[in-house]
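Asker:
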Amino acid sequence: MVVTRIAPSPTGDPHVGTAYQALFNYVFAKQNGGKFIVRIEDTDRTRYNPTSERRILEMLEWIGLSPDESPVKGGPNAPYVQSQRLSIYQEHALRLLESGAAYRAFDTPEELAAAREEARKAGLQQQGYNRRYRDYPREEAERRAAAGEPHVIRLKVPLEGKTVVHDLLRGPVEFDNAQLDDKVLLKADGYPTYHLAAMVDDHLMGVTHVIRAEEWLTSTPFHVLLIRAFGWEEPVWCHTPLLRNPDKSKLSKRKMDTSVDSYRAQGILPEALLNYLGTMAWSMPDGREIFTVADMIEHFDLRRISLGGPVFDLAKLKWMNGKYIREVLSLGELVARLEPFLEAAGYAHPSRAYLEQVVEAMRARFETLGEFVEKAVYFFREDYPVQEKAKAKLEEGRPFLPELRDLLASLPDFLPETTEPALKGFAEAKGLKAAAVMQPLRAALTGSLETPGMFDLLMILGKDRVLERLGKALG
RNA sequence: GGCCCCAUCGACUAGCGGUUAGGUCACCGCCCUUUCAAGGCGGCGGCAGGGGUUCGAAUCCCCUUGGGGUCACCA
Numbered sequence: 001m002v003v004t005r006i007a008p009s010p011t012g013d014p015h016v017g018t019a020y021q022a023l024f025n026y027v028f029a030k031q032n033g034g035k036f037i038v039r040i041e042d043t044d045r046t047r048y049n050p051t052s053e054r055r056i057l058e059m060l061e062w063i064g065l066s067p068d069e070s071p072v073k074g075g076p077n078a079p080y081v082q083s084q085r086l087s088i089y090q091e092h093a094l095r096l097l098e099s100g101a102a103y104r105a106f107d108t109p110e111e112l113a114a115a116r117e118e119a120r121k122a123g124l125q126q127q128g129y130n131r132r133y134r135d136y137p138r139e140e141a142e143r144r145a146a147a148g149e150p151h152v153i154r155l156k157v158p159l160e161g162k163t164v165v166h167d168l169l170r171g172p173v174e175f176d177n178a179q180l181d182d183k184v185l186l187k188a189d190g191y192p193t194y195h196l197a198a199m200v201d202d203h204l205m206g207v208t209h210v211i212r213a214e215e216w217l218t219s220t221p222f223h224v225l226l227i228r229a230f231g232w233e234e235p236v237w238c239h240t241p242l243l244r245n246p247d248k249s250k251l252s253k254r255k256m257d258t259s260v261d262s263y264r265a266q267g268i269l270p271e272a273l274l275n276y277l278g279t280m281a282w283s284m285p286d287g288r289e290i291f292t293v294a295d296m297i298e299h300f301d302l303r304r305i306s307l308g309g310p311v312f313d314l315a316k317l318k319w320m321n322g323k324y325i326r327e328v329l330s331l332g333e334l335v336a337r338l339e340p341f342l343e344a345a346g347y348a349h350p351s352r353a354y355l356e357q358v359v360e361a362m363r364a365r366f367e368t369l370g371e372f373v374e375k376a377v378y379f380f381r382e383d384y385p386v387q388e389k390a391k392a393k394l395e396e397g398r399p400f401l402p403e404l405r406d407l408l409a410s411l412p413d414f415l416p417e418t419t420e421p422a423l424k425g426f427a428e429a430k431g432l433k434a435a436a437v438m439q440p441l442r443a444a445l446t447g448s449l450e451t452p453g454m455f456d457l458l459m460i461l462g463k464d465r466v467l468e469r470l471g472k473a474l475g
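Numbering of the first sequence is given in the working numbering, commencing with residue 1 and proceeding in unit increments.
1. Which residue from Arg120, Lys156, Ala345, Ala146 puts its Cα closest to that of Asp135?
2. Using C-beta distances below 8 Å, list every residue in its chain close to Val466, excluding the 5 sequence neighbours before and after it, in chain order.
3. What is the rounded straight-line gap between the Cα of Val293 and the Cα of Lys121?
4. What's the C-alpha gap between Val186 and Ser259?
5. Do you know how far the Cα of Val38 is from the Cα of Ser70?
6. If you draw a straight line from the alpha carbon of Asp301 to that of Ile325, how long is it in whole angstroms?
7. Using a Cβ-Cβ cut-off of 8 Å (strictly less than) and excluding sequence neighbours within five positions of Glu215, which residues of its own chain qualify?
8. Using the three-state DSSP reduction, which class does Gly462 fall into: helix, strand or coil?
9. Does DSSP put Ile211 in a helix, a strand or coil?
10. Ignore the nearest five residues each way along the sequence and tell me which others in Ser83's own chain have a CB closer than 7 Å to its CB.
11. On the DSSP bridge assignment, give the partners of Asp167 in chain order.
12. Out of Ser219, Leu338, Met320, which one is the CA nearest neighbour of Arg288?
13. So what does Lys30 bridge to, in DSSP terms?
14. For the alpha helix (DSSP H) that contains Ala336, what are its first and last residues?
15. Tell me which residues share the same chain as Leu217 and place their Cβ nearer than 6 Å to its Cβ, disregarding the 5 neighbours each side in the sequence.
16. With distance defined between alpha-carbon atoms, name the residue in Val328, Ala19, Tyr354 nearest to Gly462.
17. Tell me, please, which residues DSSP counts as bridged to Thr4.
18. Tell me the residue span of the beta strand (DSSP E) that contains Ala348.
19. Please classify Ala473 as buried or exposed, where buried requires at least 16 neighbouring CB atoms within 10 angstroms.
20. Which residues in the same chain as Ala390 place their Cβ atom closer than 7 Å to its Cβ, once the five residues preceding and following it in sequence are excluded?
21. Can you tell me whether DSSP reads Asp189 as helix, strand or coil?
22. Leu155 by DSSP, collapsed to three states: which one?
23. With DSSP as the reference, label Gly431 as helix, strand or coil.
24. Whose C-beta lies closer than 8 Å to the C-beta of Gln439 among residues of the same chain, with five residues either side of it excluded?
25. With burial defined as no fewer than 16 other Cβ atoms inside 10 Å of the residue's Cβ, what is the status of Ala7: buried or exposed?
26. Below 8 Å, how does it come out for the region 12-21 and the region 49-69: are there three or more Cβ pairs, yes or no?
27. Going straight from the alpha carbon of Ala101 to that of Ala229, what length do you get?
28. Just how far apart, CA to CA, sit Arg116 and Arg131?
29. Classify Val72: buried if its beta carbon has 16 or more other beta carbons within 10 angstroms, exposed otherwise.
30. Going by CA-CA distance only, name the one from Gly308, Glu339, Lys375, Ala272 that's closest to Ala19.
31. Our contact map puts Val184 next to Arg154 with C-beta atoms below 8 Å; I'd like the distance itself, whole angstroms only.
32. With DSSP as the reference, label Gly74 as helix, strand or coil.
33. Give the C-beta separation of Ala113 and Pro150 to the nearest angstrom, bearing in mind that I take them to be a contact with Cβ-Cβ under 8 Å.
34. With a threshold of 16 other CB atoms inside 10 Å of the CB of Gly431, please say whether the residue is buried or exposed.
Dropping the structure here:
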């Protein structure tokens with residue numbers, strides 16, 4: 001059975017890169033009737049963020065990539081949090097120690113830093129650990145360890161030869177073992193490094209396909225060596241391109257908004273975000289750009305992932321979100337998505353029917369749910385802001401607006417069939433262009449010059465409010 | 001800098017030896033129009049460069065250039 005996983009580190013906000021990786025891993029697993037696991041890699045206590053794990057897990061539920069096994073869901077491979085699996089890694093490290101594939105190293109962090117600095121000054125091409133303890137007497141090492149001396153356990157990487165990583169997308173990638181160094185497997189605090197923990201867990205959890213970001217490619221030979229040291233079978237390696245900032249560097253929160261929570265707060269729809277991520281380095285075989293995760297599962301092909309690093313383009317994300325708002329979601333669904341935003345903004349509405357009318361009228365005019373809140377204030381409050389340009393327009397209308405108000409007051413109803421001929425007739429009678437009448441009226445009624453069509457506006461606002469607002473504006 | 005990966009319009013991509021190099025976003029113009037959008041139509045714009053291979057290269061190979069990643073007791 002196909003088993004995939006993502007292994008996020010709980011160090012901060014749920015990252016779009018995590019969502020991106022989750023998407024490919026999820027889709028590939030589902031396509032093959034396999035399972036998708038989420039494992040929390042919290043082995044770095046210095047970067048640990050206590051709310052991060054919960055938020056990452058919630059983020060996955062929000063975008064609809066629900067894992068088959070996870071810390072909250074549990075599963076046959078529990079626990080799914082690495083800090084709760086420490087003894088497992090320690091046992092495995094010991095095993096490697098016994099077989100001679102690893103060794104204890106007693107360098108202090110200061111010594112390592114000094115050695116690195118020295119190597120840098122000497123202009124050495126070769127970087128990495130100097131292997132000071134690689135051939136240290138075994139008995140001596142054990143004695144010092146038994147005495148409680150702090151130390152790490154490192155993998156004994158072959159000094160010669162090549163290690164080939166067979167990447168699904170790239171084919172064989174060769175690394176000279178001489179270029180590798182003896183990476184730390186178990187830190188002095190007893191926690192494993194990513195290298196040990198990830199490979200042990202992937203093996204124990206039956207992960208068959210490691211689909212992860214390209215930044216891992218250069219440490220894969222090390223993983224291959226580690227797996228061989230244990231005598232296990234390698235998974236299929238598939239390194240996907242990194243999402244990029246507009247300047248092409250690796251997507252980072254310094255240069256871009258990388259927080260899924262932030263996009264959610266702005267009113268980006270989960271299905272739009274997922275759809276957009278699905279177009280990053282991948283495309284539907286038929287070229288369609290709007291598709292669901294289900295569509296993706298049906299047509300996905302890991303081998304069709306392209307290797308150029310895609311720039312995460314907010315403009316296109318927003319366009320796609322707008323596409324979902326105006327064409328994909330049903331009106332009812334859209335209204336439901338909008339409700340939490342309205343509540344947060346303190347917007348009241350008399351009825352569901354009213355809300356639906358407003359949303360329908362506004363639909364083509366906002367691309368995020370947050371934008372709706374900004375652009376539709378005047379449908380929900382009487383203290384809506386009045387823009388400067390609107391004020392000017394209002395002045396232009398002052399000569400005829402009182403008369404127009406009387407005309408509107410005399411109408412039997414505010415249906416478009418009634419208001420349209422009335423307003424157009426009014427303009428004509430005054431020898432004015434329709435716009436010359438509509439714009440000042442629009443300004444008076446909404447404080448804005450950018451609104452839905454006048455006749456929809458009049459109908460939705462209703463006679464009472466229209467007359468009231470007009471009176472107030474002319475006041 | 002060493003090592004590794006990558007390279008089609010500004011951005012996302014289709015292309016997998018023979019295409020007028022297609023689509024989407026953005027941008028520009030026109031249409032629609034009471035404003036702003038949306039929508040429709042049209043336009044601008046690309047195979048990084050140089051060598052090969054081949055009857056024929058965006059497609060295959062090499063070099064150069066460019067971009068990215070990685071070189072932690074972080075993941």
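Here a beta-carbon is modelled for each residue, glycine too, at the ideal position from N, C-alpha and C.
Answerer: Reading off the structure:
1. Position 135 of the first sequence, counting from 1, holds the residue named residue 135. Considering only alpha carbons, the answer is Lys156.
2. Stepping through the first sequence from its first residue, residue 466 is reached at position 466. So the list reads Leu408, Phe414, Leu445, Leu458, once near-sequence residues are dropped.
3. As a position in the first sequence, residue 293 is number 293, starting the count at 1. As a position in the first sequence, residue 121 is number 121, starting the count at 1. Distance between the alpha carbons of Val293 and Lys121: 52 Å.
4. The count along the first sequence starts at 1 and reaches residue 186 at position 186. The count along the first sequence starts at 1 and reaches residue 259 at position 259. Inspection of the sequence shows that residue 186 is occupied by Leu rather than by Val. Whole-angstrom Cα-Cα distance: 31 Å.
5. On the first sequence, position 70 is the one that residue 70 refers to. On the first sequence, position 38 is the one that residue 38 refers to. Spanning the two alpha carbons is a distance of roughly 5 Å.
6. Residue 301 sits at position 301 when you count from the first residue of the first sequence. Residue 325 sits at position 325 when you count from the first residue of the first sequence. Taking the straight line from one Cα to the other gives about 28 Å.
7. Mapped onto the first sequence, residue 215 falls at position 215. Cβ within range, chain order: Leu242, Lys250.
8. Taking the first sequence and counting its residues from 1, the one referred to as residue 462 is at position 462. Looking at Gly462 - three-state DSSP - the assignment turns out to be helix.
9. On the first sequence, residue 211 is found 211 positions in, with the first residue counted as 1. Residue state, collapsed to three classes: strand.
10. Sequence index remark: in the first sequence, residue 83 carries index 83 (1-based). Closer than 7 Å at Cβ, skipping near neighbours: Asp42, Thr43.
11. By one-based count along the first sequence, residue 167 stands at place 167. Looking at the DSSP assignment, Asp167 forms a beta bridge with Gly171, Trp237.
12. Walking along the first sequence from the start, residue 288 turns up at place 288. The option with the nearest alpha carbon to Arg288 is Met320.
13. On the first sequence, position 30 is the one that residue 30 refers to. Lys30 pairs with nothing; no bridge assigned.
14. Numbered from 1 along the first sequence, position 336 holds the residue referred to as residue 336. Run containing Ala336: 331-345, per the alpha helix (DSSP H) assignment.
15. Locating residue 217 in the first sequence gives position 217, where the first residue counts as 1. Here the set comprises His239.
16. Your numbering for residue 462 matches position 462 in the first sequence. Residue Tyr354 is the option with its Cα nearest to Gly462.
17. The residue given as residue 4 occupies position 4 in the first sequence. Paired residue(s): Phe36.
18. Within the first sequence, numbered from 1, the residue matching residue 348 stands at position 348. No beta strand (DSSP E) contains Ala348, which DSSP labels as neither H nor E.
19. As a first step, residue 473 is located in the first sequence; it is residue number 473 there, counting from the start. So Ala473 counts as buried.
20. Residue numbering aside, residue 390 sits at position 390 when the first sequence is read from its first letter. So the qualifying residues of the chain are Ala443, Gly447, Ser448, Leu449.
21. Numbered from 1 along the first sequence, position 189 holds the residue referred to as residue 189. DSSP places Asp189 in coil when its eight states are reduced to three.
22. Taking the first sequence and counting its residues from 1, the one referred to as residue 155 is at position 155. DSSP places Leu155 in strand when its eight states are reduced to three.
23. The count along the first sequence starts at 1 and reaches residue 431 at position 431. Of the three classes helix, strand and coil, the one that applies to Gly431 here is coil, per DSSP.
24. Within the first sequence, the letter at position 439 stands for residue 439. Closer than 8 Å at the Cβ level, and outside the excluded window around Gln439, lie Lys393, Glu396, Gly397, Leu449.
25. Counted from its first residue, the first sequence places residue 7 at position 7. Burial call: buried.
26. yes
27. Within the first sequence, the letter at position 101 stands for residue 101. Within the first sequence, the letter at position 229 stands for residue 229. If I take the Cα positions, the gap works out to 6 Å.
28. Locating residue 116 in the first sequence gives position 116, where the first residue counts as 1. Locating residue 131 in the first sequence gives position 131, where the first residue counts as 1. Distance between the alpha carbons of Arg116 and Arg131 is about 12 Å.
29. As a first step, residue 72 must be located in the first sequence, where it is residue number 72. The residue in question, Val72, is exposed, as its Cβ has fewer than 16 Cβ neighbours within 10 Å.
30. As a working note, residue 19 is residue 19 in the first sequence. Looking at the Cα atoms, Ala272 is the closest of the given residues.
31. Walking along the first sequence from the start, residue 184 turns up at place 184. Walking along the first sequence from the start, residue 154 turns up at place 154. With 8 Å as the limit, Val184 and Arg154 qualify as a contact, their Cβ atoms being about 5 Å apart.
32. As a first step, residue 74 must be located in the first sequence, where it is residue number 74. Strand at Gly74.
33. Taking the first residue of the first sequence as position 1, residue 113 is located at position 113. Taking the first residue of the first sequence as position 1, residue 150 is located at position 150. In fact, because the Cβ distance is near 16 Å, the residues do not count as touching under 8 Å.
34. Numbered from its first residue, the first sequence carries residue 431 at position 431. By the neighbour-count rule (16 or more Cβ atoms within 10 Å), Gly431 is not buried but exposed.
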